[in-house]
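Input: a single structure, listed below in structure tokens.
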Amino acid sequence: MTVRVRFAPSPTGHPHIGNIRTVVFNWLFARQQHGKFILRIEDTDRTRYVEDAIHVITSGLRWLGMDWDEGPEVGGDYGPYIQSQRLELYRQKAEELVAMGKAYRCDCSPERLEQVREAQRARGETPMYDGHCRNRPPGEVSPDKPHVIRLKVPREGVTVMHDLLRGDIVFENRLLDDQILLKSDGFPTYHLAVVIDDHMMGITHIMRGDDWISSEPKRLLLYEAFGWEPPVYAHVPLVLGTDGKKLGKRHGAVSIDEFRRQGYLPEALFNFLALLGWAPGGGEEREIFSREELIERFDITHINLAPAVFSYDKLNWMNGCYIRALSHDELLRRLIPFWVEAGMIPPEVPVEILPTLKLLVPLVQERLKTLRDVVELTDFIFTDIPVPPVEKLIGAKMTAEQSLDAIRRVQALMAGAPHFEAEALEMPMRQLAADLGLKAGQLFGIVRNAVTGKEVSPPLFGSIEALGRATTLKRLERAEEALEAYIKQN
RNA sequence: GCCCUCAUCGUCUAGUCAGGUCUAGGACACAGGCCUUUCAAGCCUGGUACAUGGGUUCGAAUCCCGUUGAGGGCACCA
Numbered sequence: 008m009t010v011r012v013r014f015a016p017s018p019t020g021h022p023h024i025g026n027i028r029t030v031v032f033n034w035l036f037a038r039q040q041h042g043k044f045i046l047r048i049e050d051t052d053r054t055r056y057v058e059d060a061i062h063v064i065t066s067g068l069r070w071l072g073m074d075w076d077e078g079p080e081v082g083g084d085y086g087p088y089i090q091s092q093r094l095e096l097y098r099q100k101a102e103e104l105v106a107m108g109k110a111y112r113c114d115c116s117p118e119r120l121e122q123v124r125e126a127q128r129a130r131g132e133t134p135m136y137d138g139h140c141r142n143r144p145p146g147e148v149s150p151d152k153p154h155v156i157r158l159k160v161p162r163e164g165v166t167v168m169h170d171l172l173r174g175d176i177v178f179e180n181r182l183l184d185d186q187i188l189l190k191s192d193g194f195p196t197y198h199l200a201v202v203i204d205d206h207m208m209g210i211t212h213i214m215r216g217d218d219w220i221s222s223e224p225k226r227l228l229l230y231e232a233f234g235w236e237p238p239v240y241a242h243v244p245l246v247l248g249t250d251g252k253k254l255g256k257r258h259g260a261v262s263i264d265e266f267r268r269q270g271y272l273p274e275a276l277f278n279f280l281a282l283l284g285w286a287p288g289g290g291e292e293r294e295i296f297s298r299e300e301l302i303e304r305f306d307i308t309h310i311n312l313a314p315a316v317f318s319y320d321k322l323n324w325m326n327g328c329y330i331r332a333l334s335h336d337e338l339l340r341r342l343i344p345f346w347v348e349a350g351m352i353p354p355e356v357p358v359e360i361l362p363t364l365k366l367l368v369p370l371v372q373e374r375l376k377t378l379r380d381v382v383e384l385t386d387f388i389f390t391d392i393p394v395p396p397v398e399k400l401i402g403a404k405m406t407a408e409q410s411l412d413a414i415r416r417v418q419a420l421m422a423g424a425p426h427f428e429a430e431a432l433e434m435p436m437r438q439l440a441a442d443l444g445l446k447a448g449q450l451f452g453i454v455r456n457a458v459t460g461k462e463v464s465p466p467l468f469g470s471i472e473a474l475g476r477a478t479t480l481k482r483l484e485r486a487e488e489a490l491e492a493y494i495k496q497n
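In this note's numbering, the protein residues as written are 8 to 497.
Here is the structure:
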């Protein structure tokens, strides 16, 4: 039997990273089992439909490196894969259930239903349909007038769901509502559409968030009504924010696109997501796994059952690991869009600035947690800096006069250096520090502030080389002037 | 209110199914140190956890029951 799993999002906006983690599990399982991964769009709620959401979903999946064997953009033998294009099927199946006496028509108004629920809540009961139309003779509710079709849920007995991770979960039927299958607008509800599609599309395993557990018996009852064999279920726990609440916007980035824009590598995010709620076990102590290793090692039955808190700290660490593992060329390629986006370089990167960028890459590589960090780290290269406050130009345990002298000597050195390269600059600078009776750190600190405008910067001489002689000299000169003015004043 | 699920360091987890090798291992974060031109990176060291009460057993993080806590569900939403 070929394993067939699916991801069935609603096009209601950006897919949530918690849901994406569940997708990662599904995809990993499909690939490991040499099965099929199917993408199906569940757009049966016309009131929440968001334009372009399908594209957001597909491009997000692609960015994360998850492909699908059947679905939008790729087709397949079980299409269409968009539920709004399958409406006739759902209607027909709902009618079949009515004909079999497993479902019934109901024309209760929303107002009446709300009243019933209100009264039930007041009495402390679980709000549910009171069965008004269930007890009416068949045919009394006209098929030609607006109505819904409800499932006739048994009033007694239990429905047992077997969960791959939790074993049998028992539900009392009397606590289950007569679920609406077909809405009055002719669209199916989730329960009807998902059962029909999963069955018709030959889905063998359903991995979904555990927020679906409570409603699973409704769908199990539908399988039973149709006489279909239900798939294997595995309900995976939800992802929470740092405060233990369901992950949401206030916790930071939650959509794939936000993670991309913040400079996370897709392979790092994928690795992180796979390890959120799952671990290889067996004494394995590594945390970094390639996609292939994850496919090979993933074990659906070893998913942790407790909800997992999404840790940005750990993701940042992992992203840094992946960045450090990139080749210089590859890192440069990925960094360019972030420089462009920040307006530091033009979208069509001129060839003459390419050498500067190449110089920068090894300088920043081990300092990046995200690709976007490169902007703040290297902005002094691309944009003019304000003259640093004079106290930053005075070295540790030094006087203004000493500092001024040092700056002038550095200027001379920089102006006369035969090779304006990091290695060629460093030795003379160290020698200069020694000549002045300074520690290297004292001198370098002044120069760092003068040239980069920062107390913390990438390695000094690499930065100076990237900056170029002219700009370096200009900034040193401004520092010199600032110190002169300061000394004159005092 | 009713129903369901879950419970190991602050966080992600190994160990739980097949009780002893667990005075509970790793990673992130944190603290200290080394390296060092700043910051990183790297290396070394450190602290911190089996929610709780009972039971079963020679022996329980591991099995059973209760309690507490947390999460989820109870729509013409998915």
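Backbone N, C-alpha and C fix where the C-beta goes; we use that ideal spot for every residue, glycine too.
Since this is a predicted model, take the numbers as computed values, not measurements.
State the CB to CB distance for the pair residue i and residue j, rounded to an integer number of angstroms; the pair is presumed to be in contact (CB under 8 angstroms).
i, j, result
"V394", "V417", "About 16 angstroms; that fails the 8 angstroms criterion."
"V246", "L283", "7 angstroms"
"A270", "F387", "The displayed chain sequence assigns Gly, not Ala, to residue 270. Not quite, the Cβ-Cβ distance comes to about 19 angstroms (not below 8 angstroms), so this is no contact."
"I302", "W285", "Not a contact, Cβ separation roughly 13 angstroms."
"L312", "L172", "6 angstroms"
"Y240", "M135", "Between M135 and Y240 the Cβ distance is about 23 angstroms, and since that is not below 8 angstroms, they are no contact."
"M8", "Y85", "Actually they are not in contact, since the Cβ atoms of M8 and Y85 sit about 16 angstroms apart, beyond 8 angstroms."
"V201", "Y230", "Actually they are not in contact, since the Cβ atoms of V201 and Y230 sit about 11 angstroms apart, beyond 8 angstroms."
"E49", "A101", "That pair is no contact at about 17 angstroms."
"F266", "T51", "Actually they do not touch by this definition, with Cβ atoms about 28 angstroms apart."
"I263", "W70", "6 angstroms"
"R437", "A447", "6 angstroms"
From this set, the options, which residue's C-alpha is nearest residue i's C-alpha?
i, options, result
"I330", "P273, I414, R28", "P273"
"L432", "T406, E484, M405, G475", "G475"
"R53", "W75, V30, F32, S17", "S17"
"D151", "L120, C113, R119", "C113"
"L46", "Y88, H21, D59, V155", "Y88"
"L280", "M421, K225, G72", "G72"
"P314", "R340, G469, T29, G146", "T29"
"R341", "L375, A441, D320", "L375"
"H7", "Q127, R119, A129", "The structure shown does not extend to residue 7, since the chain is modelled only from 8 through 497, so no value can be given for it."
"I307", "H212, F178, P425, V356", "H212"
"L508", "T19, Q409, P244", "With the chain running from 8 to 497 in the structure shown, residue 508 is simply not present."
"L254", "P22, A492, E488", "P22"
"I414", "A489, R13, A429, R93", "A489"
"S66", "G20, V458, L361", "G20"
"P344", "R379, E487, L227, A110", "R379"
"P161", "V155, E383, L227", "L227"
Is residue i helix, strand or coil when you go by DSSP?
i, result
"K253", "strand"
"T478", "helix"
"I536", "Nothing can be reported for residue 536: it is not among the residues displayed for the chain, which extend from 8 to 497."
"K130", "Note on residue identity: the sequence assigns Arg, not Lys, to residue 130. Of the three classes helix, strand and coil, the one that applies to R130 here is coil, per DSSP."
"I61", "helix"
"M208", "coil"
"E147", "coil"
"V201", "helix"
"V368", "helix"
"L228", "helix"
"A489", "helix"
"A313", "coil"
"A286", "coil"
"Y271", "coil"
"L247", "strand"
"S66", "helix"
"H21", "coil"
"E1", "Given a span of 8 to 497 for the chain in the structure shown, any question on residue 1 remains unanswerable."
"T308", "helix"
"E103", "helix"
What does residue i pair with, by DSSP beta-bridge criteria?
i, result
"K399", "Paired residue(s): none; K399 is not in a bridge."
"F277", "Its beta-bridge partners do not exist; DSSP assigns none."
"D112", "At residue 112 the sequence reads Arg, which differs from the Asp that was named. BP columns for R112 point to I156."
"P195", "L189"
"K77", "Correcting the residue type first, residue 77 is Glu in the shown sequence and not Lys. According to DSSP, which records beta bridges pairwise, E77 is partnered with I45."
"E300", "Paired residue(s): none; E300 is not in a bridge."
"R11", "K43"
"F178", "T166"
"G82", "G78"
"V498", "This structure cannot settle anything about residue 498, because the visible part of the chain is limited to 8 through 497."
"I89", "I48"
"Y240", "D170, I213"
"S222", "The partner list for S222 (beta bridge, DSSP) is empty, contrary to what the question assumes."
"S262", "H23"
Could you give the uninterrupted runs of the alpha helix (DSSP H) lying entirely in the region 380-457, keeping only those of 4 residues or more?
380-389, 397-400, 407-423, 429-442
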